[in-house]
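Numbering (this note's numbering), first residue to last: 60 to 155. Beneath this line is the structure, given in structure tokens, with notes to follow.
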Amino acid sequence: MRKFVLCCGSGIVTSTHIRKKIEEELDKRGYKGKYAITQCRASEAATMSDGHDAVISTTVLKTKCACPIIVATGLLMNRGTQEIYDQICSYFTDED
């Protein structure tokens, strides 16, 4: 099970919109049921990142996280989406 933190400014609107896109893409690629996504505000990302595989962010984070950060702003504008999805999928292994 891969665990991701998804954050935006408020932790509600933008991250909910992006979450749906990410879930659809991960499910399409065969990872349904193999991941968990936790949403939060950008100010909570550093604290929430402990024990997660990556932080997926639509905003600039001003604190250091315990795991890698994937900048997903492109998902808002439909730019570079495949590269972002590929980055997220790189956390899955053949066993997943």
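Yeah, the Cβ is synthetic: ideal placement off N, Cα and C, and Gly gets one too.
_Once the 5 residues before and after L65 are set aside, which same chain residues still bring their CB inside 6 Å of it?_
S74, R78, I96, Q98 and I115
*DSSP three-state assignment for S69, whether helix, strand or coil*: coil
*Give me the Cβ distance between C148 and T117, rounded to the nearest whole Å; I'm assuming they're in contact under 8 Å.*
Their Cβ separation, rounded to whole angstroms, is 18 Å, which puts C148 and T117 out of contact at 8 Å.
*Outcome for D112 when other beta-carbon atoms lying within 10 angstroms are tallied against a minimum of 16*: buried
*Coil, strand or helix - K62 by DSSP*: strand
*Proximity winner among Y90, V72, H76 and A125, relative to D145 (alpha-carbon distances)*: Y90
*Tell me whether M107 is buried or exposed, calling it buried when 16 or more other Cβ atoms sit within 10 Å of its Cβ.*
buried
*Looking only at its own chain, which residues have a Cβ that is under 7 Å from the Cβ of R61, when we skip the five neighbours before and after it?*
K93, Y94, D112, Y150, F151 and D155
*asked:* Checking 7 Å against the spacing of the C-beta atoms, do C126 and A104 come in under that value?
replied: no
*Nearest to R100 (by Cα), restricted to the options L120, D153 and G70*: G70
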